[in-house]
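Here is the structure we will look at, set down as structure tokens.
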Amino acid sequence: MKALELLCLLAIIWGVEAFTKEEFQNFACSFPSEFSHRLIDCTVGRSSTYVQKTGELLDRCVDKFYETEGQAESFLLFLCRDDVFDSEDVHNCLQEGIEDVDDPTEEDLEMFIDAAKYCLIYG
Numbered sequence: 002m003k004a005l006e007l008l009c010l011l012a013i014i015w016g017v018e019a020f021t022k023e024e025f026q027n028f029a030c031s032f033p034s035e036f037s038h039r040l041i042d043c044t045v046g047r048s049s050t051y052v053q054k055t056g057e058l059l060d061r062c063v064d065k066f067y068e069t070e071g072q073a074e075s076f077l078l079f080l081c082r083d084d085v086f087d088s089e090d091v092h093n094c095l096q097e098g099i100e101d102v103d104d105p106t107e108e109d110l111e112m113f114i115d116a117a118k119y120c121l122i123y124g
């Protein structure tokens, strides 16, 4: 169940009711990588411990199978490439690792949204 919570947290980024996965991919994955990396690093850095731990978990699982250079690249690979997003290996890794991450609180989600807004505006 906690893996589902991680995916739900990622879904918050694209506003579950506002965009489909494909629409958000078209939007987020079309930015130049230098800006995307900066936005992701800023957002994770300003977010709660929960978001930071889930970011580390996602990075660890994606990097294990796809060799990435940091959280931002792992996140973008996970989001922008369907083969990574749908990877059974990555999902199994997330399922195993999510046991070590507490459930998100309302405050965690609010901090994440506020951090994303701040970083989108101020970078």
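Quick note on my numbering: the sequence shown kicks off at 2 and runs consecutively. Even glycine gets a Cβ: it sits at the ideal position worked out from N, Cα and C.
Problem - Cut-off 7 Å between Cβ atoms - residues of its own chain near V45, not counting five sequence neighbours on either side - result: V52, Q53, G56 and Q72
Problem - Heavy atom of the ligand ADP within 6 Å of V85 beta-carbon - result: As far as ligands go, the structure on display features none, and thus does not contain the ligand ADP.
Problem - Buried or exposed by the 16-neighbour rule on C-beta atoms within 10 Å, applied to F113 - result: buried
Handout entry: Beta carbon of F76 nearer than 7 Å to that of I41
Key = yes
Practice task
Report the rounded CA-to-CA distance for A29 versus T21, giving the unit in angstroms.
Solution key: 12 Å
Problem - Rounded C-alpha distance that separates W15 from R82 - result: Legend: pLDDT at W15 = 49, less than 50; position of this residue unreliable, no value from coordinates given.
Practice task
Over the uninterrupted alpha helix (DSSP H) stretch that includes D84, give me the two end residues.
Solution key: D83 to F86
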